[in-house]
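Position 70, counted from 1, in the sequence shown is what this note's numbering calls 71; the numbers after and before it change by one each time, with no gaps. First comes the structure, then the notes that go with it.
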Amino acid sequence: MNPSWVPILCYHRVCPEAEFGKFRSICVTPENFRSQMRLLKTLGYTSLSIQNFIANQRLQKNIPSKSVVITFDDGYADNFTRAFPILKEFGMTANIFLVTDLIGKVNAWDGEQVPLLNPDQIRSMRDGGMIFGSHTRNHIDMTKEVPEKVKAELEGSRRQVEEITLRKDTAFCYPYGRLNEETKRQVRDAGYSCGLATDSGPLEQSQDLFELRRVQVFPGTSLFGFWKKIQPWYPRWMEFQNKIKKIRP
Ligand SMILES: [Zn+2]
Numbered sequence: 002m003n004p005s006w007v008p009i010l011c012y013h014r015v016c017p018e019a020e021f022g023k024f025r026s027i028c029v030t031p032e033n034f035r036s037q038m039r040l041l042k043t044l045g046y047t048s049l050s051i052q053n054f055i056a057n058q059r060l061q062k063n064i065p066s067k068s069v070v071i072t073f074d075d076g077y078a079d080n081f082t083r084a085f086p087i088l089k090e091f092g093m094t095a096n097i098f099l100v101t102d103l104i105g106k107v108n109a110w111d112g113e114q115v116p117l118l119n120p121d122q123i124r125s126m127r128d129g130g131m132i133f134g135s136h137t138r139n140h141i142d143m144t145k146e147v148p149e150k151v152k153a154e155l156e157g158s159r160r161q162v163e164e165i166t167l168r169k170d171t172a173f174c175y176p177y178g179r180l181n182e183e184t185k186r187q188v189r190d191a192g193y194s195c196g197l198a199t200d201s202g203p204l205e206q207s208q209d210l211f212e213l214r215r216v217q218v219f220p221g222t223s224l225f226g227f228w229k230k231i232q233p234w235y236p237r238w239m240e241f242q243n244k245i246k247k248i249r250p
């Protein structure tokens, strides 16, 4: 039986607390990441490539009832040095969204110089079963750029990713989770198979493959908190919590 909701987990960096830097909320320690992957394995979860997830949503292709999609935004080098060994240890596949003009450089969009994956690391992860998608060429906020610039970013990064992956069914992930109806159309027109959002998107996943809601994992997420995040009721429960917060500030 196909699951009613497949959790799409959103990670950025995996690094020790001493390396968290300014943007702590995007980091998870290797110890916590390892516990989370071990829990998935123990509970019998299968990690899907985003392509298998999309085939399930579009064509009702069967997937295991306990399925999860693991995603990483930005393509930090620690995805190779810290996360990849743990993913391999537990037989998990991750989907990593690259900022293609900055491959082998450092992130330039938030004022912190954190190294990004280089081509050798990406090839080694690809050969180890990891999946790569696009996060634009320069991590732009697509809602603030002119259409020509957005088009160049989307088409250029898709080509760059496809040179690495040697496949044509590339997924896209919106930088900063910033999107609107126009950006969704631009992503579809640029030939992507889907678009991953952050905290937005319908609770019925097949309703909009260009605004797929994800569940973020934070540095302070406990193992019980992580277990809650992979339950099919979690997104609806979060919506309920948000409504309650509005009523009772
Ligand atoms: Zn990003």
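Think of the CB as a built atom: it goes at the ideal place given N, C-alpha and C, for glycine as much as any other residue. What you are looking at is a predicted structure, and each value in this text was computed from that prediction instead of being measured.
To the nearest angstrom, report how far apart S135 and T222 are at their CA atoms. 27 Å
Do you know offhand how far F34's Cα is from K23's? 20 Å
Would you call K169 buried or exposed, if buried means 16 or more other Cβ atoms sit within 10 Å of its Cβ? exposed
Name the residue from D209, W228, F211 whose alpha carbon lies nearest to the alpha carbon of V218. W228
Grouping DSSP H, G and I as helix and E and B as strand, with all else coil, what is A78? coil
Beta-ladder partner(s) of I132, from DSSP: N96
Complete runs of the beta strand (DSSP E) confined to the region 139 to 192 [at least 3 residues]: none
According to DSSP, simplified to helix, strand and coil, what is R59? helix
Does the beta carbon of D75 fall short of 7 Å from some heavy atom of ligand 1? yes
Return the Cβ separation of M93 and L41 in integer angstroms, given the expectation that the two are a contact with Cβ distance under 8 Å. Contact between M93 and L41 is confirmed by a C-beta separation of about 7 Å, below the 8 Å threshold.
List the endpoints of the continuous beta strand (DSSP E) containing I245. Element bounds for I245: not the beta strand (DSSP E) but the alpha helix (DSSP H), 235 to 248.
DSSP three-state assignment for P116, whether helix, strand or coil: Three-state result, P116: strand.
Bridge partners of C28, per DSSP? R14
Beta carbon of D226 nearer than 8 Å to that of T199: Just to set this straight, residue 226 is Gly in the shown sequence, not Asp. For G226 and T199, no; Cβs fall outside 8 Å.
Between D79 and R14, which are expected to be in contact by the criterion C-beta below 8 Å, what is the C-beta distance as a whole number of angstroms? Beta-carbon to beta-carbon, D79 and R14 are separated by about 5 Å, close enough to satisfy the 8 Å threshold.
Classify Q232 as helix, strand or coil using the three-state DSSP reduction. In the structure shown, Q232 falls within a coil segment according to DSSP collapsed to helix, strand and coil.
When you measure from the CB of P116 to every non-hydrogen atom of ligand 1, does any distance come out below 7 Å? no
Nearest neighbour of V7, chosen from I97, I123, L210, K67 [CA to CA]: Looking at the Cα atoms, K67 is the closest of the given residues.
What does DSSP give as the partner residues of Q217 in its beta bridges? C11
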